[in-house]
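Be aware that the sequence shown starts at 8, since it is given in the working numbering, and climbs by one per residue.
Positions of the beta carbon are idealized from the N, C-alpha and C atoms, including for glycine.
Since the structure is predicted, the reported quantities are computational estimates derived from the model, not experimental observations.
Encoded as structure tokens, the structure appears first; notes follow it.
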Amino acid sequence: MGACGLRQIKTVKKTSDKGDVVSGDGDENMEDDKSHSQATFRFTINSFSQQRKPILSPPTYVKNLPWKILAQPRVNRLLSDQRKMSFNYFIQCNGESESTNWSCYASVDLRILAQKEGCEHLSKHFSHVFNSKANNCGFHSFANWEELTDPTNGYLKDDTLILEATVKAEVPRGVYWDSKKHTGFVGLKNQGATCYMNSLLQTLFFTGKLRKAVYQIPTEGEDCKKSVALALQHVFYELQFSDQPVGTKKLTKSFGWQRVDSLRQHDVQELCRVLLNNMEEKMKGTSVEGTIPSLFQGKMTSFIRCKHVHFSSFRTEPFYDIQLTVKDKKDIYESFVEYTRTELLDGENKYDAGVFGLQEAEKGVTFESFPPVLHLHLLRIQYDPATGRKVKINDRYEFSKKLNLDQFLLKPESTPADYTLHAVLVHSGGFQGGHYVAFINPNGDEKWCKFDDDVVSSCEREDAIDANYGGVGMKQGGPVRPSTSAYMLVYIRDSELADVLAPVTPADIEEQLFERMQEAKRQKALRQKERQEEHLYRSVKIYTESALMTHKGADLVSAAGKRSPCVTLKLAKSASYHEAVATVAQQMGYPVGSIRLWPFRRRSSYSNRPMRVVDTAKTVANFLDSKSGDALFVETAPPRVPVPELPISKKDAHVLIFFKYYNIRNCFLTYCGLAHVRRCAKVADLFEMMLEKAGLPVGTPLKVYEEVHYNKVRPMINFKATLEKAIVNLMDGDIIVFERGDLIPPKDGPSGLLEYFQDMLSRVEVLFADKNVPNDPGFSLELSMKMKYSQIAKAVAMRLGADPLKLQFFKKQSSYSDGPGEPLPCSYDGTLGDILLYVKHRQVKKLYFQHIDISIYEMENKRLFTCTYSNTNLKQEELELLPNKAGTITELMQEAAKKTKIKIISPHRRLLEIYRCKINRVIFDDTKFESINPDKYLSYRVDEIPYDQVKMEPNEFLIPLIHFEKNCYRTFGVPFLIKVKDKESFVTVKEQIRKKLDVSDEEFEKYKFALIADQVTYITNEKKPIFKKDDPAVSYSATNTYAPKLWLGLEHENKVTEPSKYIPHETAIKINN
């Protein structure tokens, strides 16, 4: 029997309720609804003092699961004293289920009700994830016997005990949940990391006026895979009319996204802006043009007013969302006050007022108008200079269901700026990832629903609002999860509420769009039916002579048909041969008598050849050969009008022969036709037909061979012999290959057909993938293992339409791990066989390539170098550079400055060597690049030099600063250099550090400071001079000495659990269509 620890104990005043009471979600018809999220139920135990066995209450359903009270007096067998007994009190969930994959998170209050006036109930609370292995939870010793039986407590009356439990549960996992039935709405399927998109799409869907406008965008004739508007119409239509969760793959495909993009989480506010911009463009020139601005656009004015002269500057611009600061703010109103606060421009920051020169001025922002739908983006993700990366601010931040913004307007609008909360987009987790859900008030009537990807459930107002303030606090039913907080808020203006949330009916959908959606629904049902009946059919590959024409190797098609073009048809397994012919003929548009089916069969020689179906009564399941890939060769009559019937071919009299011609001049093998030949015909009788099929002059001498299999081609010497004697074991599907006997082969090619086939034995299929394209499927080429580097490059360049000198190739990392490894030098003298030497027999033979902007010969004089670029604000970006191997550090830093995407503040730079988040040394500008080598712990940073460090006074010097936690070996974050003066105290340096890190005074007060040399010395007297230039330990900036002996250490909490030496440059969201 499982148990949970005590989370909270509280007492509750006795109520006047009598007997067993069941209630849930305030619904009077709760007993008929098992899906409610909360219920309070009672269980009365009679003859309590006589009970010794576990007792279960009748079930009460919450979120469709049965919940029971489980109680038992507990006796310590080592003690006979009844006063040492205690009372076990548990709640059991889904106890009789045999399923093992369900779970349900719930918060529970267990109570023993006092039955005496003026006494208090005994109550305890816990939260637990119930599952098959822990389906009950509670307290082994909820109360001791003495406490229960004490008359003054009033728990027992006539030896009767009344238990009460309140269960508040989330939607269970692993249990069927019908969102449409319980809420009237459906969810969206998650593609891997698209919860942020799902939350936004639900929010936009419930903006009724926007949904109507999206339905009105003309999309007739557009492709759903390329039209964002049409794909969004599909999603909205399905959300409105479907009973099942809706997929979004067509929508993301219309964005131009690959599979990897669906596995990368983005910022929901960024997607909102990009998607609405796209829709605004699509609506231009239509009947709904201007809908997006009319719903989401407000106006703000930025101003600068000089204090002492009559000069002002104003700029009015639209906005679609407002970004509000969360850190150190109590609520939305404080953030708006901060947003509209006036900044004083004075001192070195005076405003250039033109003819008035530099003037003191006030700078600020005011709002001219607020939109009907107000999107508030809460800035919970911020850059932390101390850790060198972005972190999530999860401080408590309050927002309410009603909002009035009149005080922030320049002048009152025609209607009050009163808003009602419509949606709360919530993020759980940290900056690196997490999960988004949306709480939406669909009709603005305080009936909230939680949209968690494909699951939709009703919820309380407290769950949508109070529980998502962030920080650590209490909500009804338990503590708030500390990593969960509101990220984006959607408010709707009260005066526009009815219009914005107006119901959307089928009449609001364009007729052609409605019919198109209905047809898509029918097609989906048809595909579903096909999947259900799939076991009744065989997928068959259909090859015709046109497919054979494309094949240049042994046999008639490539192994398992990997590259030979074919059509796939489904044939009923129970269909006879004649029924299969009728089906194929109908699909190909031929008369039944004009086609003949020849199933491929694996011969004992391992070649795949078409074979005759002798017993036409056999079914498809019997005459198809799965070893040959369920393939059929379809023989068709010549394409004439009218289409003739195929000639009669009898098993005992005729044999189906395929012919190939080898062009000895061009070293080219090609299929040139087939014929039903009489078995008694002589080889010489076929010459005229072969010459005609190959387009050769009459009388051209020929060399003729039988292709037995890929490794054996046998010359046919006696042309007067019959086919039955010339070909061993003559049968349908045999191949005759011929070449001219009067030509001399080229010097650089095979000497003839036999050598050509020998060369084919050394050919392998090599997969080439682009190194810079994630999950690139690549393309395959059949290449000879004897090829040299230049020949490989030419073959790949021809396939890509590129310059072979501007391609670079890479081996795989190893036979055990995929991914590009070391580059292949263009001077490599080995063969393809040498390159693939260590690839295992059954492994895919794979090489990587990348396009380069310069010649491969020039490229190999350069060196790939990974470093970070840091500006004076400590914003960082990782870079991959290609400096010359013989270059200097100055050239390296110049290339880094050209390539970085972060804002450049100072043109002066230095190269720092970093070891485990500590600055190891400053590298001189004229240092040869080849002398520095990054490794696992040693990295390099191109560091912008602040202006105040460019020119140093004689009494000034630099000292490195590091961050550490608890001890000086646990370093983290971004180290940097600060300027100090000889015999300077720490007071002024401390303020310099605070400004550099841009942290609040409250946070900075938690920092401890220390000088780190041979030992850690904490700074206790900040007024005492501690920096001495003539100290031997301070040789940092003046020499190239490794490992300075003195650092200034900042001890504080590392807010980022996983260390990182740089902020990854985030991939912006793009919608390409």
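Discussion item. Give me the DSSP bridge partner(s) of residue 643.
Written reply: For residue 643, which the question treats as bridged, DSSP gives the partners 602.
- How many angstroms separate the CA atom of residue 858 from the CA atom of residue 650? Answer to the nearest angstrom: the Cα atoms are 50 angstroms apart.
Under a three-way DSSP split, which group does residue 339 fall into?
-> Collapsing the DSSP output to three states places residue 339 in a helix.
query = Count the other CB atoms within 10 Å of the CB of residue 685; is the residue buried (16 or more) or exposed (fewer)?
reply = It counts as exposed.
Check: Between the beta-carbon of residue 508 and the beta-carbon of residue 450, is there less than 8 angstroms?
Finding: Taking C-beta atoms as the reference points, residue 508 and residue 450 count as a pair closer than 8 angstroms.
Is residue 896 helix, strand or coil when you go by DSSP?
Of the three classes helix, strand and coil, the one that applies to residue 896 here is helix, per DSSP.
So residue 470 is in the beta strand (DSSP E); what residue range does that whole segment cover?
Unbroken run through residue 470 is the alpha helix (DSSP H), 468 to 471; no beta strand (DSSP E).
For residue 513, name the three-state secondary structure that DSSP assigns. In the structure shown, residue 513 sits in a helix (DSSP, three-state: H, G or I).
Using a Cβ distance threshold of 8 angstroms, determine whether the stretch 704 to 715 contacts the stretch 552 to 559, with at least three qualifying pairs required.
Fewer than three beta-carbon pairs drawn from the stretch 704 to 715 and the stretch 552 to 559 are found closer than 8 angstroms, and the two stretches are therefore not classed as touching.
Looking only at C-alpha atoms, which of 796, 804 and 929 sits nearest to residue 841?
-> Checked all of 796, 804 and 929; the closest Cα to residue 841 is 796.
**Prompt:** Does the beta-carbon distance from residue 307 to residue 299 come in below 8 angstroms?
**Reply:** 8 angstroms or more divides the Cβ of residue 307 from the Cβ of residue 299.
### Message
Could you compute how far the alpha carbon of residue 1021 sits from the alpha carbon of residue 1053?
### Response
Residue 1021 and residue 1053 have their C-alpha atoms roughly 8 angstroms apart.
**Message:** Quick check on the DSSP output: the alpha helix (DSSP H) that includes residue 532 runs from which residue to which?
**Reply:** Bounds of the alpha helix (DSSP H) holding residue 532 are 518 to 539.
| message | At the level of alpha carbons, what is the spacing between residue 776 and residue 267? | response | Rounded to whole angstroms, the separation of the alpha carbons of residue 267 and residue 776 is 16 angstroms.
| request: Could you please give me the residues that DSSP links to residue 709 through a beta bridge? | output: Beta-bridge partners assigned by DSSP to residue 709: 747.
Examine the Cβ distances between the stretch 202 to 210 and the stretch 436 to 455 and report whether three or more of them are shorter than 8 angstroms. Three or more Cβ pairs drawn from the stretch 202 to 210 and the stretch 436 to 455 lie within less than 8 angstroms of each other, which places the two stretches in contact.
Worksheet item: Between residue 363 and residue 325, what straight-line distance do the alpha-carbon atoms span, to the nearest angstrom?
Response: Straight through space, the alpha carbons of residue 325 and residue 363 are spaced by roughly 30 angstroms.
Margin query: Can you confirm whether the stretch 318 to 338 touches the stretch 989 to 996 when touching is taken to mean that 3 or more C-beta pairs between the two stretches lie within less than 8 angstroms?
Written below: Verdict: no, contact absent.
Same chain, Cβ closer than 6 angstroms to residue 873, neighbours up to 5 away in sequence not counted: Correct list, in chain order: 887.
_What does the alpha-carbon distance come out to for the pair residue 187 and residue 456?_
Taking the straight line joining both Cα atoms gives about 12 angstroms.
Could you tell me the alpha carbon to alpha carbon distance between residue 532 and residue 73, rounded to whole angstroms?
Rounded to the nearest whole angstrom, the CA to CA distance from residue 532 to residue 73 is 35 angstroms.
Same chain only: Cβ atoms within 8 angstroms of residue 302, ignoring 5 sequence neighbours per side: These residues qualify, in order along the chain: 214, 216, 217, 378, 379, 380 and 507.
heavy atom of the ligand ADP below 7 angstroms from residue 1028 C-beta: In the structure on display, the ligand ADP does not appear, and there are no ligands present to speak of.
(message) Applying the 10 Å Cβ sphere with the 16-neighbour rule, what's the burial state of residue 780?
(response) Residue 780 counts as exposed, since fewer than 16 other C-beta atoms from the protein chains shown sit within 10 angstroms of its C-beta.
Quiz prompt | DSSP-derived helix/strand/coil call for residue 716 | solution = Three-state DSSP puts residue 716 in a strand.
Next on the checklist: To the nearest angstrom, how far is the alpha carbon of residue 428 from that of residue 406?
Outcome noted: The alpha-carbon atoms of residue 428 and residue 406 are separated by roughly 9 angstroms.
Residue environment, residue 691, which counts as buried when at least 16 other CB atoms sit within 10 Å
Exposed, because fewer than 16 other Cβ atoms sit within 10 Å of the Cβ of residue 691.
Q) What are the start and end residues of the alpha helix (DSSP H) that includes residue 288? A) Taken as a continuous stretch (DSSP letters only), the alpha helix (DSSP H) holding residue 288 covers 275 to 290.
How far does the alpha helix (DSSP H) with residue 312 in it extend, from its first residue to its last?
Segment 305 to 313 is the beta strand (DSSP E) holding residue 312; no alpha helix (DSSP H) there.
Note to self: Going by DSSP, what residue range makes up the beta strand (DSSP E) through residue 1090?
What the structure shows: What is shown of the chain runs 8 to 1080, which leaves residue 1090 out entirely.
Look at the alpha carbon of residue 515 and the alpha carbon of residue 190, and state the distance between them as a whole number of angstroms. As the crow flies, the alpha-carbon of residue 515 is around 23 angstroms from that of residue 190.
key: Nearest neighbour of residue 1017, chosen from 999, 1003, 1006 and 975 [CA to CA]   = Selected option, being the one with the closest Cα: 975.
query = Is residue 1 near residue 704, with beta carbons less than 8 angstroms apart?
reply = Given a span of 8 to 1080 for the chain in the structure shown, any question on residue 1 remains unanswerable.
(message) Less than 7 angstroms between C-beta atoms, sequence neighbours within five positions excluded: which residues of the same chain meet that for residue 832?
(response) Around residue 832: 867.
### Contacting residues, own chain, Cβ-Cβ under 6 angstroms from residue 149 (five flanking each side not counted)
Counting only Cβ-Cβ distances below 6 angstroms, and skipping sequence neighbours, we find 94 and 96.
Looking at the secondary structure, which residues open and close the alpha helix (DSSP H) in which residue 132 lies? Segment 127 to 138 is the beta strand (DSSP E) holding residue 132; no alpha helix (DSSP H) there.
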